[in-house]
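According to this note's numbering, the stretch in the sequence shown is residues 44 to 719, in order.
Beta carbons are placed, not taken as given, at the ideal position from N, Cα and C, and that holds for glycine.
Being a predicted model, the structure only gives us computed values, none of them experimental.
See structure below.
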Amino acid sequence: MLIVPVFCFGQQKWEEYILQLVEESGGEQQFENLYEDLTFLSQHPMNLNALDETQLQRLPFLSEIQIDKLKNYVKHYGPMQSIYELRLVPDLDMQTIEMLLPFVYVGEKQKQPEKFSFNNIFKYGKNELVFRFDECLNQKEGYSDISEEEISKNPNKRYLGEPFYTSLRYSFRYSNKIQFGLTAEKDAGEMFWKDAHKGYDYYSVHLLLRDFGKLKALAIGNYRLSFGQGLVMNTDFSIGKSSQVLNIDKRNIGIKRHFSTDEYNYFQGIAGSLQFGNITVTGFYSNKKIDANVDTVSQTISSIKKDGLNRTVNELNKKDAAQIQLFGGNVSWLTNHFSGGISLLQYSFDKSMEPEAKPYNYFYFRGKDNINLSIDYRYKMPGFCVFGETAVSENKALATVNGIQLEPASYCRLSLLYRYYDKEYQAFFANAFSEGSSIQNESGIYMGIELSPFAKWKFAGYADFFQFPWLRYGVNAPTNGFDGLLQVGYSPKRDMEMFFRYRYKDKTENVASQYLDNTYHTHPVDNVFTHRLRYQLFCLLNRNIKSKTTMDYTIYYPAGTTDSNNGFLISQEINWNPKKFPVKTAFQLAYFNTDDYNSRIYSYEKNVLYAFYIPSFYGEGIRSVLNLRYDIRKNLSFYFRFSQTAYFDRNVIGTGLETINGSRKNDISCLLRWAF
């Protein structure tokens, strides 16, 4: 009786979870690696009876307390006999179980490790080849015909390459021991087959070995690193404030492969970990070129370019303009209840970092060399977890983050986190819990609570009080603010669930020029208030059809005025996933109407495999999206996506080289996946 509602309704729930995290965090790039990792794990599920803590920590929707309860259940009651025993594990609610199901299975624990041999590698190894192609069907200004004379006067008035996006990925996997991959990508506007350049714009290669005796991990090529709470190093994803109010701590994942198309957040070189009992020693070295704005006269770096786009002459001149070399290590100690570590990182640029002097960037890093050192800890007991990290940069500035997770009752879970990042703290690869975009010039207290006092109901909320002791970009004074969220979830039956979410934010920004008069001698700052409301309903209409209805409303009060800008969006999505039919479809239709860009609304959308898209909508119009998946053969699948945005309030879409003359924008995406 449970098989149909659990597996049909919950199979893609983790995707909804990730997309909501991206939408609430306001950025896509850092989550591409997370999405790719979880897609891989869902295609290669783990045995519940042979799990360790490190494997479970790769699933971000599991809290440390839930991981501890799952481990203790298997330890106390023996191997699971059925996947449905998850309902007996304390603290695993139905929503979490539905997200967990695609990643696990129940099987016998292997008594003897599989014999390693080259014959087994080629015999049991799994390959995957993925080709993707995207293109906007409308003519953009950057691809229009321009005379040679005009191009010679302004070479940045036209894109250098073709108007399509394309990528190619190949991966090989043998058990959990060997992973090899190649990624190649060309963004729209970059050259692919021109006289000046032939081939992809970006290439990435990696080889990752795991669990060979004392060798815990060895990465050669491109890789990612994460230690402690991210105050020194975290090139992996970083979950911030979201409706998952308890999952605020970072996991010490260590070494991971870099297999995404992210062209910035990775290292290039070698990294390895050796395990000696409870102690793990990690060392790494990286040397790679980065895109940057370089002054040709002084040969100094004014800023780092992170988007990876090389479409115009100006952008191409910034490609690989600088180089960074780094090395460091981590020593960690793990027991049943306690884990701790020490991390050291030293990095050097080939040119001096010298950003243009502004009041807000007075404490930014300048020079060529920097060192970061940190100590992290985590202590766990049943229903209790405390964690933190304290770091220092070469200029002796301090950063610290410390948190606690509690479960005073089975229906109540709490989280508390304090952070202090000195305005002079400088860590180029830091990525930790914060309100701002960098781990610098911030302090705050975060409190979260999750309640399940009644069957079918779930309440969650957080309150975050923060302040910035120094100026920030666009804010000409030290400021403080508040960010709060309340969510109420209700599941009247297994095939239906809904939630209502309200988020309120009070921040301070410079008052816009249209709200100023001649009485001001300096640029004033004022509070900006934002209210965001969302109602979402999920329904399983039958065994094959799933429905999702979303309603959003935004109220935005700009700095310097009491007049509000409002916006709303109504969206309906239908998914048809027949079990014995090779074609699966999803259709989404949305109507939006907002006063301006400040009252814009984000709404995540389904996309082809290994890709996701979270556009923002402002003005008035209709958005429609069609997704198709055709399983040509058992191991060969074709994905297709068509999307259109039709505006009612404009005849020109976009700005600059992205300008489209018209009121409609049409895009297509195609992907072919072959697993063998």
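Whole angstroms are fine: how far does the CA of F635 sit from the CA of K394? By one-based count along the sequence shown, residue 394 stands at place 351. By one-based count along the sequence shown, residue 635 stands at place 592. Answer to the nearest angstrom: the Cα atoms are 47 Å apart.
Buried or exposed: which applies to I322, given that a residue is buried once 16 or more other Cβ atoms fall within 10 Å of its Cβ? Counted from its first residue, the sequence shown places residue 322 at position 279. Per the 10 Å Cβ criterion, exposed.
Evaluate contact between the region 331-340 and the region 360-367, counting only Cβ atoms and requiring at least three cross-stretch pairs below 8 Å. yes
Tell whether a beta-carbon distance below 7 Å holds between D638 and N608. Walking along the sequence shown from the start, residue 638 turns up at place 595. Walking along the sequence shown from the start, residue 608 turns up at place 565. Yes; because the gap between Cβ atoms is below 7 Å, this pair is in contact.
Alpha carbon to alpha carbon, what distance is there between S667 and K622? The residue given as residue 622 occupies position 579 in the sequence shown. The residue given as residue 667 occupies position 624 in the sequence shown. Spanning the two alpha carbons is a distance of roughly 25 Å.
Distance check for N219 and P88, CA to CA, integer angstroms please. Taking the sequence shown and counting its residues from 1, the one referred to as residue 88 is at position 45. Taking the sequence shown and counting its residues from 1, the one referred to as residue 219 is at position 176. Roughly 11 Å separates the two Cα atoms.
Within 7 Å, strictly: CB atoms of L91 and V132: Start at 1 with the first residue of the sequence shown, and residue 91 comes out as number 48. Start at 1 with the first residue of the sequence shown, and residue 132 comes out as number 89. No.
Here's a check: name, in chain order, each residue in its chain whose Cβ is nearer than 7 Å to the Cβ of N413, leaving out the five neighbours to either side. Taking the first residue of the sequence shown as 1, we reach residue 413 at position 370. Excluding sequence neighbours, N413 sits near Y390, S436, E437, Q469, F471.
Exposure label - A262; buried when at least 16 CB within 10 Å: Position 219 of the sequence shown, counted from the first residue, corresponds to residue 262. Buried, by the Cβ-count rule.
For the alpha helix (DSSP H) holding F207, just list the boundary residues, first then last. As a position in the sequence shown, residue 207 is number 164, starting the count at 1. Element bounds for F207: not the alpha helix (DSSP H) but the beta strand (DSSP E), 207-217.
If you draw a straight line from the C-alpha of F280 to the C-alpha of Y307, how long is it? Here residue 280 refers to the residue found at position 237 of the sequence shown. Here residue 307 refers to the residue found at position 264 of the sequence shown. Cα to Cα, F280 sits roughly 13 Å from Y307.
Less than 7 Å separating the beta-carbons of P142 and F104? Counting from one through the sequence shown, the residue named residue 142 turns up at place 99. Counting from one through the sequence shown, the residue named residue 104 turns up at place 61. In the sequence on display, residue 142 carries Met and not Pro. Yes, the pair counts as a contact, with Cβ atoms nearer than the cut-off.
Candidates F511, L679, L359, L274: closest to N484 by CA position: One-based indexing of the sequence shown puts residue 484 at position 441. Comparing Cα-Cα distances from N484 to each of F511, L679, L359, L274, the minimum goes to F511.
Where F52 sits in the DSSP three-state scheme: Along the sequence shown, read from residue 1 onward, the residue named residue 52 stands at position 9. Legend: pLDDT at F52 = 38, less than 50; position of this residue unreliable, value from coordinates given subsequently. If DSSP states are grouped into helix, strand and coil, F52 belongs with the helices.
What is the C-beta distance between W500 and K466, in whole angstroms, given that I count them as a contact (C-beta under 8 Å)? As a first step, residue 500 must be located in the sequence shown, where it is residue number 457. As a first step, residue 466 must be located in the sequence shown, where it is residue number 423. Actually they are not in contact, since the Cβ atoms of W500 and K466 sit about 43 Å apart, beyond 8 Å.
Cβ neighbours of T355 in the same chain (closer than 7 Å, five flanking residues each side left out): For the purposes of this step, residue 355 is identified with residue 312 of the sequence shown, where counting begins at 1. Excluding sequence neighbours, T355 sits near N199, Y202, L203.
Hey, out of I61, A506, Q98, whose CA is closest to D254's CA? For the purposes of this step, residue 254 is taken as residue 211 along the sequence shown, with counting starting at 1. Ranking I61, A506, Q98 by Cα distance to D254 puts Q98 first.
Is the CB-CB distance between Y422 and F476 below 7 Å? Numbered from its first residue, the sequence shown carries residue 422 at position 379. Numbered from its first residue, the sequence shown carries residue 476 at position 433. The beta carbons of Y422 and F476 sit no closer together than 7 Å.
Any idea if Y167 is buried or exposed, counting beta-carbon neighbours within 10 angstroms, 16 or more meaning buried? In the sequence shown, counting from the first residue as 1, residue 167 sits at position 124. Exposed, by the Cβ-count rule.
Bridge partner(s) assigned by DSSP for G371: What you label residue 371 is simply residue 328 of the sequence shown in a count that begins at 1. Answer by DSSP bridge pairing, in chain order: F327, L388.
Looking at the unbroken alpha helix (DSSP H) that takes in K112, where does it start and where does it end? Within the sequence shown, the letter at position 69 stands for residue 112. Per DSSP, K112 is one residue of the alpha helix (DSSP H) stretching across 107-120.
Using a Cβ distance threshold of 8 Å, determine whether the region 440-448 contacts the region 112-128, with at least three qualifying pairs required. no
Can you tell which of F223, P535, P206, S160 has its C-alpha closest to the C-alpha of Y213? What you label residue 213 is simply residue 170 of the sequence shown in a count that begins at 1. Closest option to Y213, Cα to Cα, is F223.
Selected residue, minimal CA-CA separation from A314, among F327, E397, D305: What you label residue 314 is simply residue 271 of the sequence shown in a count that begins at 1. Closest in alpha carbon position to A314, among F327, E397, D305, is F327.
Does the pairing of the region 689-699 with the region 660-674 give three or more beta-carbon distances under 8 Å? yes
Opening and closing residue of the beta strand (DSSP E) in which L459 lies: On the sequence shown, residue 459 is found 416 positions in, with the first residue counted as 1. Taken as a continuous stretch (DSSP letters only), the beta strand (DSSP E) holding L459 covers 455-464.
Buried or exposed (CB count within 10 angstroms, at least 16 for buried), V340: For the purposes of this step, residue 340 is taken as the residue at position 297 of the sequence shown. Label assigned to V340: exposed.
If I measure Cβ to Cβ from V117 and keep anything under 8 Å in the same chain, skipping five residues before and after, which residues do I get? Position 74 of the sequence shown, counted from the first residue, corresponds to residue 117. The residues are L91, N92, L94, M123.
Which of helix, strand or coil DSSP assigns to Y468: Along the sequence shown, read from residue 1 onward, the residue named residue 468 stands at position 425. Coil at Y468, not helix or strand.
In this structure, how does DSSP classify R130 when only helix, strand and coil are distinguished? Locating residue 130 in the sequence shown gives position 87, where the first residue counts as 1. Looking at R130 - three-state DSSP - the assignment turns out to be helix.
Helix, strand or coil at L225 [DSSP, three-state]: Position 182 of the sequence shown, counting from 1, holds the residue named residue 225. Reduced to three states, the DSSP call for L225 is strand.
Mapping the DSSP letters down to three states, classify G603 as helix, strand or coil. One-based indexing of the sequence shown puts residue 603 at position 560. Residue state, collapsed to three classes: coil.
In the DSSP assignment, find the beta strand (DSSP E) that holds V429 and state where it starts and stops. Counted from its first residue, the sequence shown places residue 429 at position 386. Judged by DSSP secondary structure, V429 falls within the beta strand (DSSP E) whose first and last residues are 427-436.
Going straight from the alpha carbon of Y578 to that of N404, what length do you get? Numbered from its first residue, the sequence shown carries residue 578 at position 535. Numbered from its first residue, the sequence shown carries residue 404 at position 361. Approximately 40 Å, taken between the alpha carbons.
With distances taken Cα to Cα, identify the nearest neighbour of V248 among H240, N265, K349. As a position in the sequence shown, residue 248 is number 205, starting the count at 1. With distances taken between Cα atoms, V248 lies closest to N265.
Counting C-beta neighbours from all protein chains within 10 Å, is the total for R676 16 or more, i.e. buried, or is it exposed? Position 633 of the sequence shown holds residue 676. R676 is exposed by the Cβ-count criterion.
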